[in-house]
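Numbering (this note's numbering), first residue to last: 1 to 747.
Beta carbons are placed, not taken as given, at the ideal position from N, Cα and C, and that holds for glycine.
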Ligand code: SF4
């Protein structure tokens, strides 16, 4: 295949690196770490000492067209921070929690880790070491490869129910064989002007505030771009957002009732015959069964469940069902309920039965031209080792999407050693006890008993201080090379090194170096550039070639299901057992799960545990994003911290008055499992006096390291147990019953 046919190229005025007014300018894509993984086009300015001094948006990059968030604009402050980890360190195991690290060389660190991991593998099997990561999309594939080439099937994400993105990925993959995103013209170099493209008539933003979060390959300003071109929006959010104010209707849903709302909308769309009959007949499986199921969810009943007006639900369903084209952009809120999978299935069925699939301005499956995060190297495991993957026997849907362990099972196995003991942990890009791990003390107590813990990160964190025996300093993205992987259309993009800090090494260099010590044949490359070039094999480019032309856009066309482009066998249809979109999910039935979508009440919750309401009268949602932070990152960056100096809990004025709270009061947010400290902000963005909302992932970098930066006073996940949904996916991070009371002096 010729290069010209494989990619459509952006016309650049200048090469990927050039000189301008005394600076060297390096063009590239933004990625983790720190923070984001969206891949916006950046221009990075370094001075004659090689120091990063300025970052600007690349106006030639069609993805973000020159626009950047404050986190990228402030990148020099992050990269050059005097708080960075600059060299490898070690600490005696019996000094975990003490600020008594000792500087060592890279050789010593890697020699020690290699020897200790191999010793554990020899005595207990390689599966007894878990390899865990947080976010960090272009790093993910190398972490998983490290685990698998070592012989451990236990790579994964340490959060209950894998409740971040993975439920959506698994839900989509197991019912349609593909991964679906809103068509915002992101697959075209000329974007909205492309002659194939049509603006969606309606977009539903479901549990997502993309202007701030910019999550999972979706740049928030595409929404406003499309609104300027006539697109209407519907929002589903218990908080009023800037976009919600501009929506046709905002459905201020009771947190955790998304599945009920989706089933109610399906009830309207099906009973009023607003769906696409031809598409359903030809391409969907199980429509009759779905019709029967949605009759259990009449709109009035759903309005009662969701604390909404029935007419608003009808209006949203009709606006979407009557549109010529439309799409649904969803966020973490749908992953972070315990029965996430049926919620995801119900929401997806809305656009599926409307036939908004593979058409302009609808939902599209990205071309799989490059490998996905978590999928590169799974063939390195023997079937015997793969069968030992934690949770796989209990939760067979782990076969679909990312090949990860199941985190709640891992948590239990760390405590019980059943069916085998966990002896060590490799924690790369995860600040588990401050960020997304549930019940952080439980993880902390279990991990303190491990024989070895290795942490790889940019800054000191509560997790490193609490647990690490070895600390390896990682590079921010301007300090490293990389390539795009992950969600969305698979553009050819490169992350380009333009500066260096201390002895920091890129995550991939660390993985390559250690990987080839464990298993040289699995890591045959002399350096990371050669390793990335291997991924581009077959595209006509190597890493350096791609760097010259990036971003490069794969050829794209619509209707790929009809052209046989979505199935592995090249036949028309979808990559599922029935060859159709499965509204009745074969894979769920095979896993002894209900094959149809349903609503499961949050538990605890006002309906499932009314006896708790007297003690815990408010419904708490967590994790709404704010501009300067990414999960637990950036609290040690002065300008970004200034945008959000304190951990805030938003409280409705009526609730504040009822509980005698005023703006600025410090309160404990507590449920029957635990509590966390927050500062009250009284606000009417909460659309029901029973709702409150708080930031997640707080710790005080300025705090005492040996008190773990106050993390156990601040982590809102003290209130979240390790309990997943029936499928192993989903957990109640975003719908808890809580009470608020003032912090006493000295607490
Ligand atoms: S979305 Fe914002 S933080 Fe993320 S890469 Fe783009 S500009 Fe950077």
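What separation, rounded to the nearest whole angstrom, lies between the Cα atoms of residue 73 and residue 55? Within the chain shown, numbered from 1, the residue matching residue 73 stands at position 73. Within the chain shown, numbered from 1, the residue matching residue 55 stands at position 55. Spanning the two alpha carbons is a distance of roughly 6 Å.
Leaving aside the five residues before and after residue 262 along the sequence, list all residues of the same chain whose C-beta is less than 8 Å from its C-beta, in chain order. Looking up residue 262 in the chain shown gives position 262. Scanning its chain for C-beta atoms nearer than 8 Å, with the 5 sequence neighbours on each side dropped, one finds around residue 262 the residues 343, 346, 347, 349, 350, 597, in chain order.
Rounding to the nearest angstrom, what Cα-Cα distance links residue 553 and residue 560 in this structure? Here the question's residue 553 lines up with position 553 in the chain shown. Here the question's residue 560 lines up with position 560 in the chain shown. Going by C-alpha positions, residue 553 is about 17 Å away from residue 560.
Please determine, among 627, 608, 661, the residue with the shortest C-alpha to C-alpha distance to residue 209. For the purposes of this step, residue 209 is taken as residue 209 along the chain shown, with counting starting at 1. For residue 209, the closest alpha carbon among the candidates 627, 608, 661 is that of 627.
With a threshold of 7 Å (Cβ to nearest heavy atom), would residue 40 be considered close to the ligand SF4? Locating residue 40 in the chain shown gives position 40, where the first residue counts as 1. Relative to the non-hydrogen atoms of the ligand SF4, the Cβ of residue 40 comes within a distance shorter than 7 Å of at least one.
Between the Cα of residue 77 and those of 332, 269, 638, spot the shortest distance and give me the residue it belongs to. What you label residue 77 is simply residue 77 of the chain shown in a count that begins at 1. It is 638.
Expressed to the nearest angstrom, what Euclidean distance is found between the alpha-carbon atoms of residue 663 and residue 630? Numbered from its first residue, the chain shown carries residue 663 at position 663. Numbered from its first residue, the chain shown carries residue 630 at position 630. About 25 Å.
Alpha helix (DSSP H) containing residue 277: first to last residue? The residue labelled residue 277 in the question sits at position 277 within the chain shown. Start and end: 277 to 283.
Secondary structure of residue 510, DSSP reduced to three states: For the purposes of this step, residue 510 is identified with residue 510 of the chain shown, where counting begins at 1. Helix, per DSSP.
Check whether residue 236 and residue 266 have beta carbons under 8 Å apart: Translated into positions along the chain shown, residue 236 becomes position 236. Translated into positions along the chain shown, residue 266 becomes position 266. In this structure, residue 266 does not lie closer than 8 Å to residue 236 by Cβ.
For the ligand SF4, is there a heavy atom less than 7 Å away from the beta-carbon of residue 71? As a position in the chain shown, residue 71 is number 71, starting the count at 1. Yes, the ligand SF4 has a heavy atom inside 7 Å of this Cβ.
Thinking C-alpha only, which one of 357, 616, 109 is nearest residue 328? Start at 1 with the first residue of the chain shown, and residue 328 comes out as number 328. Of 357, 616, 109, the residue nearest in Cα terms is 357.
Below 7 Å, is the gap between the Cβ of residue 52 and the nearest heavy atom of the ligand SF4? Looking up residue 52 in the chain shown gives position 52. Not so, every heavy atom of the ligand SF4 lies at least 7 Å from the Cβ.
Could you name the residues that DSSP lists as bridge partners for residue 75? The residue you call residue 75 lines up with position 75 of the chain shown. None, per the DSSP bridge assignment.
Which whole runs of the alpha helix (DSSP H) in the stretch 238 to 296 are 4 residues long or more, in chain order? Fully enclosed alpha helix (DSSP H) runs of 4 or longer: 242 to 245, 258 to 271, 277 to 283, 287 to 294.
Those runs of the beta strand (DSSP E) which lie wholly inside the stretch 597 to 624 and span at least 3 residues: You should have 618 to 622.
Sequence-distant residues of the same chain with beta carbon closer than 7 Å to residue 58, five excluded per side: Here residue 58 refers to the residue found at position 58 when the chain shown is read from its first residue. Apart from the 5 residues on each side of it in sequence, residue 58 sits with its Cβ closer than 7 Å to the Cβ of 27, 41, 42, 43, 66 in its chain, given in chain order.
Flag residue 219 as yes when its Cβ comes closer than 7 Å to any non-hydrogen atom of the ligand SF4, and as no otherwise. For the purposes of this step, residue 219 is taken as residue 219 along the chain shown, with counting starting at 1. Distances between the C-beta of residue 219 and the heavy atoms of the ligand SF4 include at least one below 7 Å.
Considering only residues of the same chain and omitting the five flanking positions on each side of residue 408, which have a CB-CB separation below 6 Å? Counting from 1 along the chain shown, the entry for residue 408 is found at position 408. The answer, listed in chain order, is 160, 722, 724.
Taking 7 Å as the cut-off, does the CB of residue 64 come closer than this to any heavy atom belonging to the ligand SF4? Numbered from 1 along the chain shown, position 64 holds the residue referred to as residue 64. The answer is yes for residue 64.
Please confirm whether any heavy atom of the ligand SF4 lies closer than 7 Å to the CB of residue 43. In the chain shown, residue 43 corresponds to position 43, counting from 1. Remark: the C-beta of residue 43 is outside contact range of the ligand SF4, defined as less than 7 Å to any heavy atom.
How is the alpha helix (DSSP H) around residue 490 delimited, first residue to last? Indexing the chain shown from 1 puts residue 490 at position 490. Counting along the chain, residue 490 sits inside no alpha helix (DSSP H), nor does DSSP assign it H or E at all.
Residue 742 to residue 533, Cα distance in whole Å? Taking the chain shown and counting its residues from 1, the one referred to as residue 742 is at position 742. Taking the chain shown and counting its residues from 1, the one referred to as residue 533 is at position 533. Rounded to whole angstroms, residue 742 to residue 533 spans 57 Å at the Cα level.
Have a look at the DSSP bridge pairing and note the partners of residue 552. In the chain shown, the residue the question calls residue 552 occupies position 552. Bridge partners of residue 552 according to DSSP: 9, 492.
Residue 661 - DSSP class collapsed to helix/strand/coil: The residue you call residue 661 lines up with position 661 of the chain shown. Three-state result, residue 661: coil.
Among 442, 306, 304, 299, which has the Cα closest to the Cα of residue 315? The residue given as residue 315 occupies position 315 in the chain shown. When each option's Cα is compared against that of residue 315, the closest is 299.
Is the separation between the beta-carbon of residue 508 and that of residue 708 shorter than 8 Å? Sequence index remark: in the chain shown, residue 508 carries index 508 (1-based). Sequence index remark: in the chain shown, residue 708 carries index 708 (1-based). No. Outside cutoff.
Beta strand (DSSP E) segment containing residue 204, residue limits: Position 204 of the chain shown holds residue 204. Residue 204 -> beta strand (DSSP E) spans 202 to 206.
What does the Cβ neighbour count give for residue 387, buried or exposed, with the cut at 16 atoms within 10 Å? The residue labelled residue 387 in the question sits at position 387 within the chain shown. With fewer than 16 Cβ atoms within 10 Å of its Cβ, residue 387 is classed as exposed.
How is residue 14 classed by DSSP in three states: helix, strand or coil? The count along the chain shown starts at 1 and reaches residue 14 at position 14. Three-state result, residue 14: coil.
In angstroms with no decimal places, state the Cα-to-Cα distance between residue 518 and residue 471. Reading the chain shown from its first residue, position 518 is the one you call residue 518. Reading the chain shown from its first residue, position 471 is the one you call residue 471. Whole-angstrom Cα-Cα distance: 19 Å.
Can you look up residue 355 in the DSSP assignment and give me helix, strand or coil? Residue numbering aside, residue 355 sits at position 355 when the chain shown is read from its first letter. Assignment of residue 355 by DSSP, reduced to helix, strand and coil, places it in the coil class.
Taking the alpha carbon of residue 379 as the point to measure from, which residue in 273, 86, 151, 746 has its own alpha carbon closest? Here the question's residue 379 lines up with position 379 in the chain shown. Comparing Cα positions, the closest option is 151.
By DSSP, does residue 653 sit in helix, in strand, or in coil? Here residue 653 corresponds to residue number 653 of the chain shown, with the count starting at 1. The answer is helix: DSSP assigns residue 653 an H, G or I state.
Ordered along the chain, which non-local residues of its own chain (more than five positions away) have a Cβ less than 7 Å from that of residue 335? Here the question's residue 335 lines up with position 335 in the chain shown. Contacts found: 163, 164, 165, 167, 168, 730.
What does DSSP give as the partner residue(s) for residue 736 in the beta ladder? On the chain shown, residue 736 is found 736 positions in, with the first residue counted as 1. DSSP lists 620 as partners of residue 736.
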